[in-house]
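Numbering of the sequence shown is given in the numbering used here, commencing with residue 9 and proceeding in unit increments.
Glycine included, each C-beta is placed from N, C-alpha and C at the ideal position.
All figures in this text were calculated on a predicted structure; none of them were measured in a lab.
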Amino acid sequence: MPPPPVPASLYDRAVRPISDPDVPQPACEICGAKTARPLFEIEGVDAPIVACTGCGLGRFHPMIDDERIRSFYPENYYGEPGTKFRPILERLVRAVAARHIGFLSRDVPSGGSILDVGCGRGVLFGPLADRGFRVFGVEANEHAIRGCDARAEVRIATRLSDAGFEAESFDQIVIWHVLEHMVDPFDAIAECSRLLRPGGRLIVAVPNFESWQARWSGPHWFHLDPPRHLYHFPCSALATLVEKHGFQVTSSHHFSLRQNPFGWIQSALNRFTRQPTGGLYTLLHQHEGAALSTTTRVGMWLCLVAATPLAIGLSVIAAWLRTGATVHVVAVKQ
Ligand SMILES: [Zn+2]
């Protein structure tokens, strides 16, 4: 059977809600439940997104095969070497990343080793190496790592367990908005437990599938990112998963200035306007933005400017209520 057509834009893919009866699923890797509720069907993808009736974990069912998943990441997904966004935004992304280093390197011993799983362009490597840490990365796509800091040791592997790192060789592992893209997130968390020294920290950031923003947006939720997100983790299910693999969750954080306000704006645009799905994100994306008309671009910039204060306010309230649109969980290996 020929592959279904792929939309012209990376992000403009229709998502439709479905209301079929619950379906059987293999025992959930997190809670063991054997049924799932169909939620959405995605344009160009044969499998629907379902949610586990026990823990709420979202996933394609059945899971899509590896070759098809690779087709969701054309070379232009990663932009030019070392850049993904428009230059001004790229500087902002790198500045935010540099500020974030303080959080990521807190409690890591001097000269310690840090592994970034799914490191992509490696925006964390330079600032971490500047602080004297030894930096390592794993990335599935060899195109993505062009322009990475030369001090980082980056290995190309689709699965973390195939990267060949030795047991207990890291003080900290970061999986930053990558777990939901993985074909084997459960094995990856188990592998992190093997790779970390006792007392080492695991930091995992994901979109929060049980968040207020996710529930309000439904099929229009920006952070669904169909079809690249293969799994959709409720924060509570993520905590259960890491605890199953020998970690103790020490904190979970529900505010992200970079992710959560933008999620409100783009999800609202997806829901209430006829503009292309993910159009604002596409506009901010270096090459794809050129395909939009001038009127669309001006309209979107105005929406972005006008809606940002409200979106930040909503994100602050959501964080206070512990229902952030994206979350990061910090867990210590016992
Ligand atoms: Zn479950």
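Any heavy atom of ligand 1 closer than 6 angstroms to the CB of residue i?
{"i": "ALA333", "result": "no"}
{"i": "ILE197", "result": "no"}
{"i": "LEU65", "result": "yes"}
{"i": "ILE109", "result": "no"}
{"i": "ILE57", "result": "no"}
{"i": "ALA35", "result": "no"}
{"i": "CYS243", "result": "no"}
{"i": "ALA247", "result": "no"}
{"i": "ALA41", "result": "yes"}
{"i": "CYS60", "result": "yes"}
{"i": "ILE153", "result": "no"}
{"i": "PRO320", "result": "Looking at the sequence shown, residue 320 is not Pro but Ile. The answer is no for ILE320."}
{"i": "ILE181", "result": "no"}
{"i": "LEU38", "result": "Here residue 38 is Ile; the residue named in the question, Leu, does not match the sequence. The answer is yes for ILE38."}
Which same chain residues end up closer than 6 angstroms to residue i when comparing Cβ atoms and leaving out the 5 residues on each side of it in sequence?
{"i": "ALA165", "result": "VAL146, ALA171"}
{"i": "HIS228", "result": "SER275, ASN278, ARG279"}
{"i": "VAL104", "result": "ARG266"}
{"i": "ALA196", "result": "LEU168, MET190"}
{"i": "THR194", "result": "Just to set this straight, residue 194 is Phe in the shown sequence, not Thr. Once the five neighbours on either side are set aside, the close Cβ partners of PHE194 are GLU37."}
{"i": "THR281", "result": "none"}
{"i": "ALA41", "result": "CYS60, THR61, GLY62"}
{"i": "GLY271", "result": "GLN221, PHE230, HIS231, ALA333"}
{"i": "THR327", "result": "The residue you asked about is not Thr; residue 327 is Ala in the sequence shown. Excluding residues within five positions, the ones whose Cβ falls inside 6 angstroms are HIS262, PHE263."}
Using the beta-carbon count (16 or more within 10 Å), is residue i buried or exposed?
{"i": "ILE325", "result": "exposed"}
{"i": "ILE96", "result": "exposed"}
{"i": "HIS336", "result": "buried"}
{"i": "ARG223", "result": "exposed"}
{"i": "THR334", "result": "buried"}
{"i": "GLN180", "result": "buried"}
{"i": "ILE273", "result": "buried"}
{"i": "THR285", "result": "buried"}
{"i": "LEU100", "result": "exposed"}
{"i": "TRP184", "result": "buried"}
{"i": "ASP73", "result": "exposed"}
{"i": "ASP233", "result": "buried"}
{"i": "PRO206", "result": "exposed"}
{"i": "ALA148", "result": "buried"}
{"i": "GLN221", "result": "buried"}
{"i": "SER79", "result": "exposed"}
{"i": "ARG24", "result": "exposed"}
{"i": "PHE111", "result": "exposed"}
{"i": "LEU329", "result": "exposed"}
{"i": "ARG209", "result": "buried"}
Excluding the 5 residues flanking residue i on each side, which residues of the same chain have their C-beta closer than 7 angstroms to its C-beta?
{"i": "VAL186", "result": "VAL125, GLY126"}
{"i": "ALA44", "result": "ASP30, VAL31, GLN33, VAL58, ALA59, CYS60, THR61, HIS69"}
{"i": "ASP28", "result": "PRO46"}
{"i": "GLY134", "result": "ASP157"}
Using a C-beta cutoff of 7 angstroms, does residue i count as contacting chain C?
{"i": "CYS63", "result": "Judged by its chain identifiers, the structure shown contains no chain C, having just a single protein chain."}
Short of 8 angstroms in beta carbon distance, which residues of its chain neighbour residue i, apart from the five on each side in sequence? Order them along the chain.
{"i": "ALA137", "result": "VAL143, ASP157, ARG159, ALA160"}
{"i": "PHE141", "result": "SER113, VAL116, GLY119, GLY120, SER121, ILE122"}
{"i": "GLU269", "result": "Per the sequence shown, the amino acid found at residue 269 is Pro instead of Glu. If we look at PRO269 and ignore the five residues flanking it on each side, its Cβ neighbours are THR316, ALA319, ILE320, LEU322, SER323."}
Hey, residue i and residue j are a contact pair by Cβ (cut 8 angstroms); roughly how many whole angstroms apart?
{"i": "LEU292", "j": "ARG305", "result": "That belief does not hold up - the Cβ atoms of LEU292 and ARG305 are roughly 10 angstroms apart, past 8 angstroms."}
{"i": "ARG67", "j": "LEU238", "result": "7 angstroms"}
{"i": "PHE217", "j": "HIS240", "result": "4 angstroms"}
{"i": "GLN256", "j": "ALA175", "result": "Not confirmed; about 20 angstroms, so no contact."}
{"i": "GLY310", "j": "LEU288", "result": "Looking at the sequence itself, residue 310 is Leu, so the reference to Gly does not match. About 11 angstroms separates the two Cβ atoms, so there is no contact after all."}
Legend entry - Residue ranges of each beta strand (DSSP E) within the segment 136-213, 3 or longer: List check, beta strand (DSSP E) in window: 142-147, 161-164, 178-184.
Legend entry - Continuous beta strand (DSSP E) assignments of at least 3 residues falling wholly in the segment 30-77: As far as the segment 30-77 is concerned, its whole beta strand (DSSP E) runs of at least 3 residues are 43-50, 57-60, 66-68.
Inset, instruction - Just list the alpha helix (DSSP H) runs in the segment 93-130, keeping only unbroken ones of 4 residues or longer that don't cross its boundaries, in chain order. - result: 95-113
Inset, instruction - Jot down the residue ranges of each uninterrupted beta strand (DSSP E) in the segment 242-319, minimum 3 residues, whole runs only, in chain order. - result: 255-261
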